[in-house]
Amino acid sequence: MRLKIALLFAVLCFTPCFAQADGSYTDIQTDINIILQSYQGYIKGSEIKNDLTYLLLSNGEKLVYDDKLPKSFEEKLENPDLKDTLSLVYPLKNPIDKMNLNDDPGRFRSLALLKAVYGKNKKDVRTNLIRVNFCGKKLFFNKQNGAAEALKNIGAELLALTKIQPQLKKYITPLGGTFKWRNIAGTSRLSPHSFGIAIDLNPKRSAYWRGHSQTTIAEFSRLNYPPEIVAIFEKNGFIWGGKWYHFDTMHFEFRPEIIAKAR
Ligand SMILES: [Zn+2]
Numbered sequence: 294m295r296l297k298i299a300l301l302f303a304v305l306c307f308t309p310c311f312a313q314a315d316g317s318y319t320d321i322q323t324d325i326n327i328i329l330q331s332y333q334g335y336i337k338g339s340e341i342k343n344d345l346t347y348l349l350l351s352n353g354e355k356l357v358y359d360d361k362l363p364k365s366f367e368e369k370l371e372n373p374d375l376k377d378t379l380s381l382v383y384p385l386k387n388p389i390d391k392m393n394l395n396d397d398p399g400r401f402r403s404l405a406l407l408k409a410v411y412g413k414n415k416k417d418v419r420t421n422l423i424r425v426n427f428c429g430k431k432l433f434f435n436k437q438n439g440a441a442e443a444l445k446n447i448g449a450e451l452l453a454l455t456k457i458q459p460q461l462k463k464y465i466t467p468l469g470g471t472f473k474w475r476n477i478a479g480t481s482r483l484s485p486h487s488f489g490i491a492i493d494l495n496p497k498r499s500a501y502w503r504g505h506s507q508t509t510i511a512e513f514s515r516l517n518y519p520p521e522i523v524a525i526f527e528k529n530g531f532i533w534g535g536k537w538y539h540f541d542t543m544h545f546e547f548r549p550e551i552i553a554k555a556r
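Here our numbering runs 293 ahead of the position in the sequence shown, where the first position is 1.
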């Protein structure tokens, strides 16, 4: 722990000034600090080169904060820079009803960052998986960056919640699953399940945007999904796929930077 705090202090002290011509100083510095704090030990620092800001990862790679390329929504899904990944603010409000068009906070993911933290391929990720006791089931989850520990805490809190409110059990079990090296349905992008940082609760109590009309998607309400379950995940650094315009209500994903920005 002391080493982690010392590392963070070193990183923050040597983070260069992010003042930009467009006056977005605070936004850049806030975003960079959020990423540094959410991925402590995986990022060495940052640098500015040819007017672009980069994060220097501990594995030797560097990631551009803002590539300054104009991108459509689809292009941000395919190839986001770090700024894009934090560009939509996740709502911590519970319960929540409708979401605005393409408001999908957390669906822009930096695969390079996820690979650096949780494993660069299926074999690497597998070596980082540990078994977690979750509501009486043993699940595989990634031990890096405190993901498995966070899931374990959620399991304990959900167990306590369902003792008081047993009617909520049906939303949790039978579970959909955690780790699976695969692409997101209908895309060639790796799913966060590939990194062992996402869990699907009971698929029978879930709704998924694919297969619905644009009108149904736009009018979809999240009010009938238990806000108590969502709040427990969020408290522990997970986002809920229900809070996406393109909803996936059984899906919860460990994304401490998205929750940190929301706060
Ligand atoms: Zn999922």
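Glycine included, each C-beta is placed from N, C-alpha and C at the ideal position.
Distance CB(residue i)-CB(residue j) smaller than 8 Å
{"i": "T345", "j": "I336", "result": "Correcting the residue type first, residue 345 is Leu in the shown sequence and not Thr. Result no, Cβ atoms of L345 and I336 do not sit closer than 8 Å."}
{"i": "G530", "j": "R515", "result": "no"}
{"i": "F472", "j": "F526", "result": "no"}
{"i": "L370", "j": "R419", "result": "no"}
{"i": "I490", "j": "Y411", "result": "yes"}
{"i": "P398", "j": "V382", "result": "yes"}
{"i": "L468", "j": "A405", "result": "no"}
{"i": "N426", "j": "K445", "result": "yes"}
{"i": "F547", "j": "A443", "result": "yes"}
Residue i versus the options, residue with shortest Cα-Cα distance
{"i": "H486", "options": "R503, N414, S506, T466", "result": "N414"}
{"i": "N387", "options": "V410, Y411, H544, W533", "result": "W533"}
{"i": "S403", "options": "E368, P384, M392, N421", "result": "E368"}
{"i": "P384", "options": "L375, G479, D396", "result": "D396"}
{"i": "F488", "options": "M543, K416, I510, E550", "result": "K416"}
{"i": "Q437", "options": "Q460, R498, G334", "result": "G334"}
{"i": "G470", "options": "R482, L483, N446, K431", "result": "K431"}
{"i": "I325", "options": "S365, D377, F366, N372", "result": "D377"}
{"i": "W474", "options": "A443, N372, N435, G439", "result": "N435"}
{"i": "S484", "options": "R424, I341, L407", "result": "L407"}
Residue i versus residue j: straight-line alpha-carbon distance, rounded
{"i": "A620", "j": "I457", "result": "The chain is shown from 294 up to 556; residue 620 falls before or after that span and cannot be answered."}
{"i": "T323", "j": "L379", "result": "10 Å"}
{"i": "K463", "j": "N495", "result": "7 Å"}
{"i": "D541", "j": "P520", "result": "15 Å"}
{"i": "M543", "j": "I492", "result": "8 Å"}
{"i": "C306", "j": "N517", "result": "Note that C306 scores 44 on pLDDT, short of 50, meaning its location in the model is unreliable and no value can be drawn from it."}
{"i": "S339", "j": "G353", "result": "12 Å"}
{"i": "A441", "j": "I389", "result": "27 Å"}
{"i": "Q507", "j": "N476", "result": "23 Å"}
{"i": "K391", "j": "I510", "result": "9 Å"}
{"i": "Q460", "j": "L454", "result": "10 Å"}
{"i": "Y358", "j": "D374", "result": "6 Å"}
{"i": "N579", "j": "D320", "result": "This structure gives no information on residue 579, because the portion of the chain shown stretches from 294 to 556."}
Other residues of its chain near residue i: CB distance less than 7 Å, five sequence neighbours each side excluded
{"i": "A553", "result": "I327, Q330, S331"}
{"i": "C236", "result": "What is shown of the chain runs 294 to 556, which leaves residue 236 out entirely."}
{"i": "R503", "result": "A478, G479"}
{"i": "A409", "result": "Y335, L350, N352, E354"}
{"i": "H505", "result": "none"}
{"i": "F366", "result": "N395"}
Backbone secondary structure at residue i - three-state DSSP
{"i": "T346", "result": "strand"}
{"i": "H486", "result": "helix"}
{"i": "K361", "result": "coil"}
{"i": "G412", "result": "coil"}
{"i": "N395", "result": "coil"}
{"i": "A500", "result": "coil"}
{"i": "S339", "result": "strand"}
{"i": "K369", "result": "helix"}
{"i": "R515", "result": "coil"}
{"i": "K430", "result": "strand"}
{"i": "E527", "result": "helix"}
{"i": "A441", "result": "helix"}
{"i": "R402", "result": "coil"}
{"i": "G470", "result": "strand"}
Close-in-space but distant-in-sequence residues of the same chain around residue i (CB under 8 Å, 5 per side omitted)
{"i": "L394", "result": "A511, Y538"}
Beta-carbon contacts of residue i that lie in its chain and below 6 Å, excluding the five residues immediately before and after
{"i": "P549", "result": "S331, G530"}
Cβ of residue i within 8 Å of any chain D Cβ
{"i": "L362", "result": "Here chain D cannot be found, since the structure has a single protein chain."}
Residue i: CB within 7 Å of a non-hydrogen atom of ligand 3
{"i": "D397", "result": "For ligand 3, the structure offers nothing, since it holds only ligand 1."}
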